[in-house]
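From first to last, the protein sequence lines are chains A and C.
Going by this note's numbering, the first sequence opens with residue 2, and the numbers climb by one from there.
Going by this note's numbering, the second sequence opens with residue 2, and the numbers climb by one from there.
Backbone N, C-alpha and C fix where the C-beta goes; we use that ideal spot for every residue, glycine too.
Report on the structure given below.
Protein chains: 2
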Amino acid sequence: MAAQTSAPATASPASPVDLGPAAALSCRECGHRVPLGPVFACEECFGPLEVAYDFSGWSADELRKRIESGPANIWRYAPLLPVPADVADKPNINPGWTQLVRADNLARELGVTGGLYVKDDSGNPTHSFKDRVVAQALEAARAFGFTTLSCSSTGNLAGAVGAAAARAGFRSCVFIPHDLEQGKVVMAAVYGGELIGIEGNYDDVNRFCSELIGDPAGEGWGFVNVNLRPYYAEGSKTLAYEICEQLGWRLPDQLVVPIASGSQLTKIDKGLKELIALGLVEDKPYRIFGAQAEGCSPVSAAFKAGHDVVRPQKPDTIAKSLAIGNPADGPYVLDIARRTGGAVEDVTDPQIVDAIKLLARTEGIFAETAGGVTVGVTRKLIENGLLDPTLTTVVLNTGDGLKTLDAVAGTGLTATIRPTLDSFREAGLA
Amino acid sequence: MAAQTSAPATASPASPVDLGPAAALSCRECGHRVPLGPVFACEECFGPLEVAYDFSGWSADELRKRIESGPANIWRYAPLLPVPADVADKPNINPGWTQLVRADNLARELGVTGGLYVKDDSGNPTHSFKDRVVAQALEAARAFGFTTLSCSSTGNLAGAVGAAAARAGFRSCVFIPHDLEQGKVVMAAVYGGELIGIEGNYDDVNRFCSELIGDPAGEGWGFVNVNLRPYYAEGSKTLAYEICEQLGWRLPDQLVVPIASGSQLTKIDKGLKELIALGLVEDKPYRIFGAQAEGCSPVSAAFKAGHDVVRPQKPDTIAKSLAIGNPADGPYVLDIARRTGGAVEDVTDPQIVDAIKLLARTEGIFAETAGGVTVGVTRKLIENGLLDPTLTTVVLNTGDGLKTLDAVAGTGLTATIRPTLDSFREAGLA
């Protein structure tokens, strides 16, 4: 907080923006370039802006050495991210370098023989992959002179923003539907920022946030997933980087990635392509599979129907963190799944619960519902022949089961006994 | 599971026990040595057994290099732990190398000028420091040919044992009081092992487990905190190792450690002394402070009264993970606190809650109640002049706030508004 008092209240940094290798923002649709700034839509065609880089000056060997000698968090990849070179010295939550678990027990259950891994992002500071993207957005907010970090959320994002803002001495203001479950409110409120309940549903919250950004009242505010979205989204690239480095600088053959907005999947693809282009991994094919819950499966439905566009759905699933009925990056996901020889599949809520239990029982990883979706979809893709079990496969778990305890609430005691050996034997436990 | 079918059902390994540098078990009271095995009490004097090592053959430089090139988990310290040299290749939950957070915001609030750090063990696989000790016990269980991993627990330990057993393909059997809160039951049950409710309180559960160990029904069972306790306890040394390495191979001047049984504090002291003896850190004084909740403060009470023995208490505090009324290592803790110039202090439940919120608000770390105890005690020790704010201080957070949400259940929305800019302004948020 004291560290931030000298920062301007609005987005007008005193010095030129230093975001490391980030050179500009570029429109994903028309290629129009604009200088780095807190903007997210192309002024020419309204397409989404994304970060364009200048990676020149690195040989593959130098880069690999630099990365390997870096910290055990996402900042080891600072040369490939829109962050200043000294990012690791600034106050941030420093997510990443989470475990890539060799999942031999799960592989046996699923019949995978080519090597199965779970990338377990529940090890992040607030226990979801959102820490990666928020840490990234925070650095952009700092560069642009923002002093408030904000978002609309119904869960993981609220905690990630609250924690990162607290660490960095930013004000935080998180908007949620006013009638959210008490547990989720506590998880978001504990970091002490403003937590505003909006009388309405999540769509109302989002619409209000868009209004706020265009209003003087929102000046100096960095909405991580709106006006900082181009930077925020880049955080997902680090999943691709870590997976390859943890495999010994090898590309996996297949990845199974959850789809909410679809941004994570597209950025993982971007990250893999960058590693190939930079010579850090061999140039060989990989397949990306998208995973949805049946109760919110607009991308899966479009994939199966052979459509290029995604028809919005009204979500109804226990996988709340994936429940985006109109995913902004849906068309890009379809393109990547088709281009790489992957697929998009969905599973029912009971299948999600089964998969959460399967992962916990075989690998000791307690995933949130989104992890149940990816594991369940992996099983289904093997059954229907779309995923090759003889190839190296990485499945993402992006969140923590402690946040979605209700999904497995039926789990309980296997026996109740009196505290005696006789009772123990009678129960057949000896 | 398949990997374990060839192991014997009882504790009689085919080959000599390979636990790396561990040479024997040695009685903490009388020094009597016995070979490595699943025993925990001295046959001569009933004192507690602990692992004795042979660290010869390492120069400080070689050892430092070996550690620094190791994995980002506790197995980087394999040369200093009772584990085989190839431990990192075996299926285990691989905890550790958690963040040492430079807590400048908290330091300002507390008036610490010498550098304040929080060692945040909520980043472990099941989000508590128990993963460290269980991972260690699992390796001992494997070495002794056990096929079932067991414990009595009311919380963190149950999850750690369930997860580790699942990963390693062991059977697990966890004993809990039958009337535990449903949320805690779910967290323990999800890993799919046997979860046995005992009709009685935690003392009844413990007494039953002791009976089971002496009975044929318990043959082949490794109780992590009973017959594997000497190995289990060594896991806490890794906290000392990591803190020093993360400080750049420097000893902190002061550490604030929570006290449940007291084992963790004594092993942190052991770890620091080992680093000094091995020449990995400079030989200089450090002070260790113990932290308890007022509602379970037998060690704090003994410290203040100048006693050498600890008088048991009946626990009544929200800090359930520290609620051991008769701490086995209490006298050793008293000795260490006095020898190093530290102290033992306690805080009330409201102070614990305040400290949880303070840590979350200043550093974005959501601690369980035990973290509230250490932060609260740190504040109190500064106020009463026992902890020197001009010295480098490390405070331990050993668990995760998501597991003790009830402690901060009062936290909530700062405002509720309609989804309009007018409503936003009326609430004074602009």
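Interface with chain A (8 angstroms Cβ-Cβ cutoff): tryptophan 250(C) is excluded. As a beta-bridge residue in DSSP terms, proline 178(C) pairs with Ile199(C).
Cβ proximity to chain C below 8 angstroms picks out Gly402, Leu403, Lys404, Leu406, Val409, Ala410, Thr412, Gly413 and Leu414 from the region 402-414 of chain A.
The region 18-98 of chain A is shown to contain whole beta strand (DSSP E) runs of 3 or more residues at 23-28 and 50-54, in chain order.
A distance below 8 angstroms separates the beta carbons of tyrosine 287(A) and leucine 256(A). Taking C-alpha positions only, glutamate 110(A) is separated from isoleucine 337(A) by approximately 28 angstroms. Proximity of isoleucine 68(C) to chain A, defined by a Cβ-Cβ separation below 8 angstroms, is not satisfied. When the five nearest sequence neighbours on each side are left out, the beta carbons in the same chain lying within less than 6 angstroms of the beta carbon of leucine 392(C) are those of Gly115, Asp254 and Gln255, in order along the chain.
Contact between serine 264(C) and serine 237(C) is confirmed by a C-beta separation of about 6 angstroms, below the 8 angstroms threshold.
Beyond the five residues adjoining it in sequence on each side, lysine 358(A) comes within less than 8 angstroms, by CB distance, of Val409 and Thr412 in the same chain, given in chain order.
Around valine 258(A), the same chain offers Gln265, Leu266, Ile269, Ile289, Phe290, Gly291, Ala292, Thr375 and Leu397 as residues with beta carbons nearer than 8 angstroms, after the five sequence neighbours per side are excluded.
In this structure glycine 184(C) does not touch glycine 163(C) by the C-beta definition: roughly 15 angstroms separates them, more than the 8 angstroms allowed. In its chain, beyond the 5 residues on either side, Gly21, Pro22, Phe56, Trp59, Leu64, Arg67, Ile68 and Ala86 have a beta carbon closer than 8 angstroms to the beta carbon of proline 80(A). With a minimum length of 4 residues, there is no unbroken run of alpha helix (DSSP H) contained wholly in the region 357-382 of chain A.
The three-state reading of DSSP puts glutamine 255(C) in strand, counting E and B together. Listed along the chain, the chain A residues whose CB falls inside 7 angstroms of the CB of tryptophan 76(C) amount to none; the nearest CB is some 12 angstroms away. Around the Cβ of asparagine 385(C), a 10 Å sphere holds fewer than 16 other Cβ atoms; the residue is exposed. Contact check between the region 43-51 of chain C and the region 203-217 of chain C: fewer than three CB pairs, one atom from each, fall below 8 angstroms, which does not count as touching. Close CB contacts of arginine 103(A) within its chain, under the 7 angstroms cut and outside five residues either way in sequence, are with Tyr118 (chain order).
Alanine 320(C) is not a Cβ neighbour of valine 310(C), given a cutoff of 8 angstroms.
For glycine 124(C) and glutamate 45(A), the gap between their C-alpha atoms comes out near 44 angstroms. For chain C, the residues of the region 342-372 of chain A that bring a beta carbon within less than 7 angstroms of one of its beta carbons are Lys358, Ala361, Arg362, Thr363, Glu364, Gly365 and Phe367, in chain order.
The residues Ala89, Asn95, Pro96, Gly97 and Trp98, in chain order, have a CB closer than 8 angstroms to that of asparagine 74(C) in the same chain once the five nearest residues on each side in sequence are set aside. In the structure shown, glycine 156(A) falls within a coil segment according to DSSP collapsed to helix, strand and coil. For aspartate 19(A), same chain residues with a beta-carbon under 7 angstroms away, outside a window of 5 residues either side, are Pro85 and Ala144 in chain order. Below the 9 angstroms Cβ cutoff, chain A contributes no neighbours of histidine 308(C), its closest Cβ being approximately 33 angstroms away. Distance from the Cα of aspartate 132(C) is smallest, within the candidate group Gly365(C), Leu181(C), Val225(C) and Val40(C), for Val225(C).
What asparagine 95(C) touches in chain A, judged by beta-carbon distance under 9 angstroms, is Gln100 and Val102, going in chain order. At least one C-beta of chain A is nearer than 8 angstroms to the C-beta of isoleucine 418(C). For proline 92(A), the closest Cβ of chain C is nearer than 8 angstroms. A distance of 8 angstroms or more separates the beta carbons of glutamate 295(C) and aspartate 330(C). A residue is called buried once 16 or more other Cβ atoms fall within 10 Å of its Cβ, and alanine 278(A), having fewer, is exposed.
In terms of beta-carbon proximity, alanine 141(A) stays away from the interface with chain C, with every pair separated by 8 angstroms or more. A Cβ-Cβ distance of about 12 angstroms is found for the pair alanine 136(A) and phenylalanine 171(A), leaving them out of contact under the 8 angstroms criterion. DSSP places arginine 172(A) in the strand class (E or B) of the three-state scheme. Within the DSSP secondary-structure output, threonine 149(C) pairs in a beta bridge with Arg172(C) and Trp222(C).
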